[in-house]
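Written below as structure tokens is the structure these notes are about.
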Amino acid sequence: MEEMRTFGYLCPKCGGTVMAARSVFALEASNCTVECPCGETALLVDFDGEKYRLSVPCGLCGETHTAVCPPGRVLEGATALGCAKTKQFCCFIGPEGVVEKNLRELAILAEKEKRQTEDGPEAFLDNIIMYEILSELKEIAAREHGISCACGSGRYGMEIRRSAVDLICRDCGAKLRIPAATDRDLDDLCCRLKLTIPGKQA
């Protein structure tokens, strides 16, 4: 059975989710293109024998992002490429089920962004999700060593953004971003009893 890799992105032109599978053999042998059925956008994968260069149409900001990845990141496991403007993932590579699930979440996120742009700006992408995330963070913080930093500090600050909450260590300055835009973000946080800020390497 030939090993397959699925690529997925959100088309910035028509708003549809785009998914296509390619064999590992084909990806190692030549370049590939994953085109949206609308014909307006395409994800390009170029391989120079050492690294993969991907051009990704971004359904969040409308631009095309470029990423250079080692073969392991493209051909093994699951990976995601981010949008520098929105700080959200805009392209997924991996097993079909994983890509499909993440792409569905991305479509919900993009729809919320679009709705907010049309209705006028609000403080948060989803007020209810943000309220629940902050409530959950309060519960985690109330536990003994509930929120701490890998540097050993228990002192931290919180910066609330439009679709995320940043926990920042007051001693080393390291940051942990908690996404706060979708139901899945809330589910992920509810599973965690403690949070550890990664800590800055000396």
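Numbers in our numbering are just positions in the sequence shown, counted from 1, shifted up by 9. We put the CB at the ideal spot given by N, CA and C, even for glycine.
Which residues bound the beta strand (DSSP E) around Glu12?
First-last for Glu12: undefined, no H or E at that position.
For Cys41, which residues does DSSP report across the bridge?
Val54
Return the chain-ordered list of same chain residues with a C-beta closer than 8 Å to the C-beta of Gly182, the five sequence neighbours on each side being excluded.
Taken in chain order, the residues that qualify are Lys209.
Glu59: which of Glu49, Leu53, Glu37 and Phe133 sits nearest, CA to CA?
Glu37
Could you spell out where the beta strand (DSSP E) holding Lys184 opens and where it closes?
Lys184 to Pro188
Out of Gly103, Lys123 and Cys47, state which residue places its alpha-carbon closest to the alpha-carbon of Val33.
Comparing Cα positions, the closest option is Gly103.
Specify the secondary structure class of Leu90 as computed by DSSP and reduced to three states.
strand
To the nearest angstrom, how far is the alpha carbon of Glu105 from that of Arg31?
11 Å
Helix, strand or coil, according to DSSP, for Leu202 in the structure here?
Annotated three-state conformation of Leu202 is coil, per DSSP.
In angstroms, rounded to a whole number, what distance separates the CA positions of Arg201 and Gly48?
42 Å
Which term fits Tyr140, buried or exposed, when burial requires 16 or more other beta carbons within 10 angstroms of its beta carbon?
exposed
Residue environment, Asp135, which counts as buried when at least 16 other CB atoms sit within 10 Å:
Classification of Asp135: buried, given that the 10 Å Cβ count is 16 or more.
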